[in-house]
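S.K.: The working numbering puts the first residue of the sequence shown at 1, with every later residue one more than the last. We put the beta carbon where it would ideally sit given N, CA and C, even for glycine. On a predicted model such as this, the values are computed, not experimentally measured, just so you know. Sharing a structure below in structure tokens format, with a few things to ask.
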Amino acid sequence: MPSLRWAAVVALAANLINATPTIAAEAVGRAVVIKTAVTGATGPLVVSAPVHRDERIRTSNTGLGQFVFRDGTKLAVGWGSSVVLDKYVFNDDNSVKKLTIRAAKGTFRWISGSSPSSAYQIVTPAGTIGVRGTAFDVHIAPNGKTAVVLLKGSARFCSGGGCRELKRRCDCVVATPSGAMSDVIKVNRSVVTTLGTSRALPFLTGNQQLSGGFDAIGGNCGLTAAIQQEHTARPERRNSPAPPSPGTPDPPSPPRGDKDDGNNGHGNDPGKHDPSNPGKSKGPGKK
1 MPSLRWAAVV
11 ALAANLINAT
21 PTIAAEAVGR
31 AVVIKTAVTG
41 ATGPLVVSAP
51 VHRDERIRTS
61 NTGLGQFVFR
71 DGTKLAVGWG
81 SSVVLDKYVF
91 NDDNSVKKLT
101 IRAAKGTFRW
111 ISGSSPSSAY
121 QIVTPAGTIG
131 VRGTAFDVHI
141 APNGKTAVVL
151 LKGSARFCSG
161 GGCRELKRRC
171 DCVVATPSGA
181 MSDVIKVNRS
191 VVTTLGTSRA
201 LPFLTGNQQL
211 SGGFDAIGGN
221 CGLTAAIQQE
231 HTARPERRNS
241 PAPPSPGTPD
251 PPSPPRGDKD
261 DGNNGHGNDP
271 GKHDPSNPGK
281 SKGPGKK
């Protein structure tokens with residue numbers, strides 16, 4: 001009997017343990033814009049849905065998600081992207097001690113909140129972005145090549161190849177996972193070409209539209225105009241005759257008259273006309 005009672009107690013305890021709800025991960029922010037398909041740890045996200053520490057957020061090839069964190073930090077996740085809210089340590093004064101985002105691929109816009117700049121860190125396959133009260137766009141190609149474009153404030157990008165300081169609006173650096181890193185330049189159409197896809201940096205090229213304060217940061221750095229000019233300002237070509245095919249005989253020349261010898265049809269002998277008196281015949285024996 002005692003053994004039966006003990007077994008019953010163990011079974012009851014197991015049931016109570018299994019019935020205890022799992023403590024949910026800490027909510028660190030919420031979705032404010034969701035377009036097409038954006039998924040989190042538990043499935044599709046909707047507007048006002050919470051996002052949690054350690055949660056991976058993915059967007060479809062046409063998806064867009066805009067998120068606001070507890071300290072006011074904003075993160076836009078463009079199409080074909082994957083990002084993990086890796087570390088989030090919150091203070092009691094509505095600021096964070098540590099907020100780390102791990103961006104795996106795709107396009108992102110970051111706008112810092114009210115926490116100290118040293119609390120923020122964005123990790124990419126090609127290096128780490130240190131935030132200085134900043135707004136910037138990031139694009140990560142499938143091969144890990146990463147471009148960072150500063151929109152406001154300043155930022156520091158560091159990798160195995162050293163560090164680059166982004167200080168002026170539209171400053172850009174491109175780096176690879178192998179440690180290669182470009183100099184800082186103003187972002188231009190060639191940067192999009194370097195990233196290998198016309199879908200790169202869609203918030204700057206105008207291919208994806210942001211809203212709710214995510215869009216009024218630093219302009220588009222001239223990329224929208226550059227893209228439009230490339231597609232609309234190509235000069236028209238005039239139609240020109242096609243070259244003859246190899247082996248095609250030359251067309252016959254038009255008939256040619258007698259060689260002009262200066263006679264003008266007035267009887268001067270060929271080669272013997274008087275240049276001082278053209279067109280007037282000299283009779284036989286007359287000088």
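Taking 8 angstroms as the cut-off, decide whether the C-beta atoms of ILE140 and ALA175 are in contact.
M.R.: Position 140 of the sequence shown, counted from the start, is the residue given in the question as residue 140. Position 175 of the sequence shown, counted from the start, is the residue given in the question as residue 175. Going by C-beta atoms, ILE140 is not nearer than 8 angstroms to ALA175.
S.K.: If I measure Cβ to Cβ from VAL38 and keep anything under 6 angstroms in the same chain, skipping five residues before and after, which residues do I get?
M.R.: Position 38 of the sequence shown, counted from the start, is the residue given in the question as residue 38. Here the set comprises LEU45, THR59, GLY63, GLY65.
S.K.: Nearest CA to the CA of GLY130: which residue from VAL138, ALA155, VAL68?
M.R.: As a working note, residue 130 is residue 130 in the sequence shown. For the residues VAL138, ALA155, VAL68, the minimum Cα distance to GLY130 belongs to ALA155.
S.K.: Alpha helix (DSSP H) containing PRO202: first to last residue?
M.R.: The residue you call residue 202 lines up with position 202 of the sequence shown. From DSSP, the alpha helix (DSSP H) with PRO202 extends over 202-205.
S.K.: For VAL192, which of helix, strand or coil comes out of DSSP?
M.R.: As a first step, residue 192 is located in the sequence shown; it is residue number 192 there, counting from the start. Residue state, collapsed to three classes: helix.
S.K.: Which first and last residues belong to the beta strand (DSSP E) in which ALA25 is found?
M.R.: Residue 25 sits at position 25 when you count from the first residue of the sequence shown. No beta strand (DSSP E) contains ALA25, which DSSP labels as neither H nor E.
S.K.: To the nearest angstrom, how far is it from the Cα of TYR120 to the Cα of ALA49?
M.R.: Position 120 of the sequence shown, counting from 1, holds the residue named residue 120. Position 49 of the sequence shown, counting from 1, holds the residue named residue 49. Cα-Cα distance, rounded: 23 angstroms.
S.K.: Over the uninterrupted beta strand (DSSP E) stretch that includes THR39, give me the two end residues.
M.R.: Translated into positions along the sequence shown, residue 39 becomes position 39. Boundaries of the beta strand (DSSP E) around THR39: 38-40.
S.K.: Scan the region 57-83 and note each continuous beta strand (DSSP E) run of 3 residues or more that stays entirely inside, going in chain order.
M.R.: 64-69, 74-77
S.K.: Would you report the Cα separation of GLN112 and VAL32, rounded to the nearest angstrom?
M.R.: Counted from its first residue, the sequence shown places residue 112 at position 112. Counted from its first residue, the sequence shown places residue 32 at position 32. One detail in the question is off: residue 112 reads as Ser in this sequence, not Gln. Taking the Cα positions, SER112 is about 16 angstroms away from VAL32.
S.K.: Give the C-beta separation of GLY153 and THR134 to the nearest angstrom, bearing in mind that I take them to be a contact with Cβ-Cβ under 8 angstroms.
M.R.: As a working mapping, residue 153 is identified with position 153 in the sequence shown. As a working mapping, residue 134 is identified with position 134 in the sequence shown. Indeed they touch by this definition, with Cβ atoms about 4 angstroms apart.
S.K.: For a test of the three-state rule: what should DSSP assign to GLN228, helix, strand or coil?
M.R.: Here residue 228 is taken as the residue at index 228 of the sequence shown, counted from 1. It is helical.
S.K.: Just list the beta strand (DSSP E) runs in the region 92-166, keeping only unbroken ones of 3 residues or longer that don't cross its boundaries, in chain order.
M.R.: For the region 92-166, whole beta strand (DSSP E) runs of length 3 or above, ordered along the chain, are 96-111, 120-124, 127-140, 146-159, 162-166.
S.K.: Would you report the Cα separation of CYS221 and VAL173, rounded to the nearest angstrom?
M.R.: Reading the sequence shown from its first residue, position 221 is the one you call residue 221. Reading the sequence shown from its first residue, position 173 is the one you call residue 173. Looking at the two C-alpha atoms, the distance is approximately 14 angstroms.
S.K.: On a CA-only basis, which of GLY213, SER117, GLY196, PHE69 is nearest LYS145? Give me that one, please.
M.R.: By 1-based counting over the sequence shown, the position of residue 145 is 145. Among GLY213, SER117, GLY196, PHE69, the Cα nearest to that of LYS145 is on GLY196.
S.K.: With DSSP as the reference, label LEU45 as helix, strand or coil.
M.R.: Position 45 of the sequence shown, counted from the start, is the residue given in the question as residue 45. Reduced to three states, the DSSP call for LEU45 is coil.
S.K.: Looking at THR107 and SER82, is the spacing between their C-beta atoms short of 8 angstroms?
M.R.: By one-based count along the sequence shown, residue 82 stands at place 82. By one-based count along the sequence shown, residue 107 stands at place 107. No. Outside cutoff.
S.K.: Could you name the residues that DSSP lists as bridge partners for ILE34?
M.R.: Numbered from 1 along the sequence shown, position 34 holds the residue referred to as residue 34. Answer is GLY65.
S.K.: DSSP state of LEU223, grouped into three classes?
M.R.: Against the sequence shown, residue 223 aligns to sequence position 223. In this structure, LEU223 counts as helix in the three-state DSSP scheme.
S.K.: Where does THR124 land, buried or exposed, given buried means 16+ other C-beta within 10 angstroms?
M.R.: Counted from its first residue, the sequence shown places residue 124 at position 124. With 16 or more other CB atoms across the displayed protein chains lying within 10 angstroms of its CB, THR124 is buried.
S.K.: Taking GLU165 as the reference, which of VAL192, PHE136, SER178 has the closest Cα?
M.R.: On the sequence shown, residue 165 is found 165 positions in, with the first residue counted as 1. Per the Cα distances, PHE136.
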